[in-house]
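Okay, structure first, notes after.
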Amino acid sequence: MPSCVLTDSGALPLGSRFMPDTVTMDKIVSLSRRRGFVFPSSEIYGGLGSTYDYGHYGVLVKNNIRSRWLEAMVYERDDIVLIDSAIILHPRVWEASGHVEGFTDPLVDCRTCKLRFREDKLEDSQCGRKPSKRPGETPDCDLTEARRFNLMFQTHVGPVEDSASAAFLRPETAQGIFINFKNVLQLARRRPPFGIAQVGKSFRNEITPGNFLFRVREFEQMEMEFFVPPAEAEEWYRYWVDARHDWYLKYGLRRSRLRVREHGPEERSHYSQATSDIEYDYPIGWQELEGVANRGDYDLSRHTEFSGTELEYVGPEGAERYVPYVIEPAVSIERIFVAMLVDAYDEEEVAERQRTVLRLHPAIAPVKAAVLPLIAKDSGMVEKARALHEELRGSQVVEYDESGAIGRRYRRQDEIGTPFAFTVDEQTLEDDTVTIRERDSLAQERLSICQVASRLADMLRKPWTTPKSD
Ligand code: ATP
């Protein structure tokens, strides 16, 4: 089989120059918008602050993140089952969980600039006056005393808007799992240690949403509650911190940009026996990507108390009886989405031209391969390229593109992170070979058209590590 290394446009030397890591949140926002990953929501009405809609590629990436999570948490194990609970639950659920009373942030208003801030995040906030400073930093800042602000969105169920009809949009998916504990125990015939996983929208009326998708009011959570005998809680807690950390490495995040930070006793929630944040070094600094908590028996005990239904594990013949402890890894797709885009974003110079490339893990990349006829006017090339595209799209998300110069088409694919491109050219018409171009190394090689499908499947299965340096 012919095999040769070509260059990006057929004429460029391979030596490309990595630029220093210059990624900023603005660059991520601008790329996301330019390439149709994410747009500001309700734009034709002037937008709704910190609310976003996902375009085609954004949806594909989100689907991939969700699928990889489900594989690791459910499909590749036999001790975790799924649930999909309602978004609006009985209001008593939120009393039992402590959210009505305690799911609050300290809110301060600035009488001068009229903005609102979280008192505990003043360090990370900017006041409304230019040049912007930290709230409270200048004598002009006139901050009120902090007051507690409940983050739950309230609504009403049914046509009457009175206090009896008040309900909440869930601020986390976890409670939908706890209230179904008994169903799963009985109907899925489980015994601890076992887990229940849920993926779905959660809503928080954040005081200061922002930093793109990092903090939004509507987000998709992926949570798993792992029920264990109390004596095994510590061991399982450590296990899940490690397992979740390794999942990020597996999907390409750089080790140097990830760390585990264990909360001190003063930082932990009232229910938590131990909590660790898996943090990522976002352009805004180290921030929580995912939380892993040992919630003890708090949730099951509280729901037992408030509902009157015993939520406990009773062994065969009633010999054993206890309220399991719960270990919870909880994350949103949004925070993973931003971390993966930030980690993947790269600018480099190739033959004195700059290219922007998303070096996404192939399992996360929205499109796995592009099929490109070198000359769009050549009906022979178009026919072959379309046939190859038809063949590949049965098993992968692949894209056919014939518009514009080949270099521009490669750049478009680079920007959305497509790991491979197959180009049909003159030689294809003679010997049925195509070039395969690799996104990261820019290496090109020829291979027979009939081998493309299996080669692509092989390449997508292989472990992948980012070529970006730390
Ligand atoms: P933070 O301190 O950043 O507000 P949190 O500790 O309140 O986060 P948790 O209640 O532990 O967050 O929620 C679990 C996970 O849900 C977080 O680790 C994060 O991945 C995600 N998450 C929470 N709030 C938001 C939000 N407003 N936007 C996007 N993702 C969120």
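Residues in the sequence shown are numbered from 31 upward in steps of one, following the numbering used here.
Where is the CB? At the ideal position from N, CA and C, for every residue including glycine.
The model shown is predicted, which means the values in this text are computed figures rather than measured ones.
Asked                                                                                                                                                          : Found
Leaving out five residues before and five after S331 in sequence, what residues of the same chain have Cβ atoms less than 7 Å from its Cβ?                     : V353
Counting only the same chain and skipping the five closest in sequence on each side, list residues whose C-beta sits under 6 Å from that of Y328.              : Y301
On the three-pair Cβ rule with 8 Å, is the region 260-271 touching the region 83-94?                                                                           : no
Run the proximity test for E335: is its beta-carbon closer than 7 Å to any non-hydrogen atom belonging to the ligand ATP?                                      : no
Between A360 and the ligand ATP, is the CB less than 7 Å from at least one heavy atom?                                                                         : yes
Regarding G326 and the ligand ATP, is the C-beta to nearest heavy atom distance less than 7 Å?                                                                 : no
Near D109, which residues of its chain fall below 7 Å by C-beta distance, leaving aside the five closest residues on each side in sequence?                    : P223, F224, G225
Check this for me: beta carbons of T168 and D139, under 8 Å apart or not?                                                                                      : no
Under a Cβ-count criterion, where at least 16 other Cβ atoms within 10 Å of its own Cβ denotes burial, should A227 be classed as buried or exposed?            : buried
Would you say the beta carbon of V421 comes nearer than 7 Å to a heavy atom of the ligand ATP?                                                                 : Per the sequence shown, residue 421 should be read as Glu rather than Val. No - the ligand ATP has no heavy atom lying nearer than 7 Å to the Cβ of E421.
Using the rule of at least 16 other Cβ atoms within 10 Å of the residue's Cβ for burial, across every protein chain shown, is V344 buried or exposed?          : exposed
Of the choices F257, G447, A273, whose alpha-carbon is the least far from that of Y355?                                                                        : F257
Within a Cβ cutoff of 6 Å, which residues of the same chain sit near E460, ignoring the five residues on either side of it in sequence?                        : none
With 16 as the cutoff for other CB atoms within 10 Å, does Q443 come out buried or exposed?                                                                    : buried
Residues in the same chain with beta-carbon distance under 8 Å from M370, minus the five sequence neighbours each way, listed in chain order, please.          : V91, I95, Y281, G282, L283, L390, H391, I394
Using a Cβ-Cβ cutoff of less than 6 Å, which residues in the same chain neighbour L78 once the five nearest sequence positions on both sides are dropped?      : S71, S72
Mind checking whether R164 and L137 have CB atoms under 8 Å apart?                                                                                             : no
Could you check the C-alpha separation between V214 and R298 for me, to the nearest Å?                                                                         : 29 Å
Classify K414 as buried or exposed, calling it buried when 16 or more other Cβ atoms lie within 10 Å of its own Cβ.                                            : buried
Excluding five sequence neighbours on each side, which residues of the same chain lie with their C-beta closer than 8 Å to the C-beta of E335?                 : A126
In whole angstroms, what is the alpha-carbon distance linking E379 and E445?                                                                                   : 14 Å
Looking only at its chain, what residues have a beta carbon closer than 8 Å to the beta carbon of L404, apart from the 5 residues adjacent to it on each side? : M411, I436, T453, V454, D455, E456
Counting along the chain, where does the beta strand (DSSP E) carrying N241 start and finish?                                                                  : Careful: N241 lies outside any beta strand (DSSP E) and carries neither H nor E.
Quick one: Cα of T134 to Cα of L243, how far?                                                                                                                  : 21 Å
Considering only heavy atoms of the ligand ATP, does any lie closer than 7 Å to the CB of K321?                                                                : Correcting the residue identity first, residue 321 is Gly in this sequence and not Lys. Yes, Cβ of G321 sits closer than 7 Å to a heavy atom of the ligand ATP.
What separation, rounded to the nearest whole angstrom, lies between the Cα atoms of D272 and L477?                                                            : 41 Å
Between R439 and the ligand ATP, is there a pair consisting of the residue's CB and a ligand heavy atom that are separated by less than 7 Å?                   : no
DSSP state of L490, grouped into three classes?                                                                                                                : helix
For M254, which beta-bridge partners are listed by DSSP?                                                                                                       : A227
Check whether the Cβ atoms of D307 and R287 sit closer than 8 Å, and answer yes or no.                                                                         : no
Based on DSSP bridge pairs, tell me the residues matched to Y312.                                                                                              : G315
Which residues bound the alpha helix (DSSP H) around R439?                                                                                                     : 436-446
Straight-line CA distance for I58 to E253?                                                                                                                     : 26 Å
Report the option in E131, V387, P161, R285 whose CA atom is closest to the CA atom of G52.                                                                    : Looking at the sequence shown, residue 52 is not Gly but Thr. Cα-wise, what sits closest to T52 is V387.
Give me the Cα-Cα distance between I118 and V368, rounded to the nearest whole angstrom.                                                                       : 28 Å
Can you check whether the CB of L418 is closer than 8 Å to the CB of F450?                                                                                     : no
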